[in-house]
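>
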Amino acid sequence: MIGRDSLPAREAHDMSFDQLLSSPRFEELRSRLIRIFARRGCSIPEDLADETVSRVLAKLPEIAPTYEGDPVRFFHAVARNVYLEYTRRPRTVPIEENLDWRDVRGDEAAPSEVKYECLEACMGMLGRDDRWIIGEYYRHRKGAKIDHRMELAVQLGISINAFRIKAYRIRRRLQDCVFECMKKRSPDEMEKLVPHSKVRRPSL
Amino acid sequence: MTVSRQLPSASIREFLLGTLSEAERDRLEQDLLADDDLYDLLRVTEEDLIDECIEGSLSDERAESFLRYLTALPGGRERVDFAKCLKTVLERSPQETKTRRRDILRRFVSWLSVPERLAWSAALLAVAAAGVWSAIPLPEEGTRVSELEAALERSTAETEQLKAQLSVAAATESTSAVRSPARPPVVLTAGLLRGASEMETVTLSRGERLLELRLDLGSRDYEEYRAVLHDAESRELYAASQLTATVAEERIFVAFGVPAARLANADYYVTLEGIAEPARREPVGRYSLRIIIP
């Protein structure tokens, strides 16, 4: 029996095809499909997600008026077919797939100093409470970290998953801030590579 | 009333590590498409697994399976990079953090021109006067429950406030595209007899996922609208119901998002109908557009 952690229930409701395919729900649906294809080991998950949506859209005039049940199931069935067709295609390996995953994991792929600077600047921009939560959430390592999170969640009277989601959202905000900062700092990186290409720095 | 429900954390973890049976994976995939809470939890678990990969607490086999999945996602590698960075920064001692912040500030100041330095000095003085930076003590070791409770309460209130602001913004600005595409929405004006020369031309780039159209109304006569995209042969390609009129920039319009995957190099038109009663639709306008995909 798989353990299940509780979260307050959101209202259960089936979305219509129109709702699923309209913004902003569309992007959300697409990213879920991308994850499904990626987990099935597909090397082009984005293309396959688009293919799925495209096929559903093509079928819509025919099926939508009489379709009964959750449209999500229809999407899943189409995604499964797209996947099966993908597995039958001649296999081409994108260049990225030839990269060693250990490079991603290992210390040799350490983040650049600029990224550290951006992260520290972004941490400074977090509210006091959020900085405190993220500090506590990532305190300790391995087993001790899990125990610490459980303790905090219990003492706060919220489920561990609610606490995890809260910390995740702060982390995502930090991450977005860092990516934004890196974009702004890219002229600096250029300056390091090409020392005489001095570009006026944008403000942090 | 809030009802608590159960989420399969362990299954999500196994899904991400690629160890679920095919039947279980199929079931979880369907749930992921339909269940927002479950999808939230999946993303949280992804971050946990990234951390575990970096810490080396996952076996090589599991780490490889997960990292292959992650790097197939857009931005996957950058997320690993960010996690390494976050781990390092959070593990620094408070003294080291202070020294580094000072270094960053010093370097930042050295990049600025004299007027910019003066402007920044004034801004920093204002911030210092408000006591925002200096009044933040770093948390001590140990669990300070009451402080954390208060923090969580304030943070939750902030989230609620932001949600409310977002709803207001969505209601007043646009009924669609909260995560807006890169291009501004395309405004279309109704015209039954518009010729090809008057047609609005939209150039779509390859990376675009959604084309946001604003169908100009002139007046708001219905509570609800239905928009249908047609090709030049009048075939219905895509429809959206339960649309509402929105006012922004002194215009009244209906926002209609069309997945770019549905469009090709061709001429299209959109018909807009007002829903007078559940079973009665009345034509409101016809909007033409030409799509160009270079």
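Protein chains in written order, with the working numbering: chain A, 1 to 204; chain B, 1 to 294. Idealized CB from N, CA, C, for every residue including glycine. Computed from a predicted model, the values in this text were never measured in an experiment.
Can you tell me which of A:VAL178, A:ARG185 and A:LYS184 puts its alpha carbon nearest to the alpha carbon of CYS85 of chain B?
A:VAL178
> Given that a residue counts as buried once 16 or more other Cβ atoms are within 10 Å of its Cβ, and exposed if not, what is GLY191 of chain B?
exposed
> Name the residue from A:LEU21, A:ILE170, A:ARG35 and A:PRO61 whose alpha carbon lies nearest to the alpha carbon of TRP132 of chain A.
A:ILE170
> For VAL82 of chain A, which residues in chain B fall below 9 Å Cβ to Cβ?
Ordered by position in chain B, no residue passes the 9 Å Cβ test against VAL82 of chain A, which lies about 13 Å from the chain.
> Below 7 Å between beta carbons is the criterion; list the residues of the region 229-242 of chain B that meet it against any residue of chain A, in chain order.
Listed in sequence order: GLU236, TYR238, ALA239, ALA240 and SER241.
> Ignoring anything shorter than 4 residues or poking outside the region 35-76 of chain A, list the alpha helix (DSSP H) runs there in chain order.
45-63
> Where does the unbroken beta strand (DSSP E) through THR246 of chain B begin, and where does it stop?
245-248
> Could one say the Cβ of MET123 of chain A lies closer than 8 Å to chain B's Cβ atoms, at least one of them?
Yes, contact with chain B.
> With a threshold of 16 other CB atoms inside 10 Å of the CB of ASN155 of chain A, please say whether the residue is buried or exposed.
In the sequence under discussion, the amino acid at residue 155 of chain A is Gln, which differs from the Asn named in the question. Looking at its Cβ environment, which holds fewer than 16 other Cβ atoms inside 10 Å, GLN155 of chain A is exposed.
> Let me make sure I understand the geometry here. Which of B:GLU200, B:GLU208, B:GLU273 and B:ALA264 has the alpha-carbon closest to that of TYR382 of chain B?
Outside the shown range of chain B, which is 1 to 294, sits residue 382 of chain B, and nothing can be said about it.
> Straight-line CA distance for MET150 of chain A to LEU84 of chain A?
41 Å
> For TYR238 of chain B, which of B:LEU289, B:ILE275, B:LEU32 and B:ARG262 has the nearest alpha-carbon?
B:ARG262
> Within 10 Å of its beta-carbon, does GLU113 of chain A have 16 or more other beta-carbons around it, so buried, or fewer, so exposed?
Around the beta carbon of GLU113 of chain A, fewer than 16 other beta carbons sit within 10 angstroms, so the residue counts as exposed.
> Are the CB atoms of SER16 of chain A and PRO71 of chain A within a distance shorter than 8 Å?
Taking 8 Å as the cut-off, the Cβ atoms of PRO71 of chain A and SER16 of chain A count as close.
> Hey, could you find the ends of the alpha helix (DSSP H) GLU22 of chain B is sitting in?
Boundaries of the alpha helix (DSSP H) around GLU22 of chain B: 22-34.
> Just verifying my parser: in three-state terms, what is the DSSP assignment at GLY45 of chain B?
Note on residue identity: the sequence assigns Thr, not Gly, to residue 45 of chain B. Looking at THR45 of chain B - three-state DSSP - the assignment turns out to be helix.
> Distance, Cα to Cα, GLU21 of chain B vs ARG25 of chain A?
In the sequence as presented, Glu is not what sits at residue 21 of chain B; that position holds Ser. C-alpha separation (whole angstroms): 29 Å.
> Here's a check: name, in chain order, each residue in its chain whose Cβ is nearer than 8 Å to the Cβ of GLU141 of chain B, leaving out the five neighbours to either side.
At GLU141 of chain B, the pLDDT of 39 sits below 50, so the modelled position is not reliable and the matter cannot be decided from this model.
> Under a CB-based cut-off of 8 Å, is PRO61 of chain A close to chain B?
Yes, PRO61 of chain A lies at the interface with chain B (some Cβ there is under 8 Å from its Cβ).
> Check whether the Cβ of SER59 of chain B lies closer than 8 Å to any Cβ atom in chain A.
Taking a beta-carbon distance threshold of 8 Å, SER59 of chain B does not count as an interface residue toward chain A.
> When you compare only the Cα positions, how much space is there between LEU188 of chain B and LYS59 of chain A?
27 Å
> In chain A, what lies closer than 8 Å to SER261 of chain B by C-beta?
Here the sequence assigns Ala to residue 261 of chain B, which means Ser is not the residue at that position. Those within 8 Å of ALA261 of chain B in chain A are ASP50, VAL53, SER54 and LEU57.
> Compare the C-beta of PRO184 of chain B against all C-beta atoms of chain A and say whether one is closer than 8 Å.
no
> Does the CB of TYR69 of chain B have a neighbour CB from chain A at under 8 Å?
yes
> Just the C-alpha distance for GLU61 of chain B and PHE15 of chain B, rounded to the nearest angstrom, thanks.
14 Å
> The alpha helix (DSSP H) with THR88 of chain B in it runs from where to where?
76-91
> Distance, Cα to Cα, PRO296 of chain B vs SER219 of chain B?
Within the shown structure, residues of chain B are numbered from 1 to 294, placing residue 296 of chain B beyond reach of any answer.
> For the alpha helix (DSSP H) that ILE133 of chain A lies in, which residues bound it at each end?
128-137
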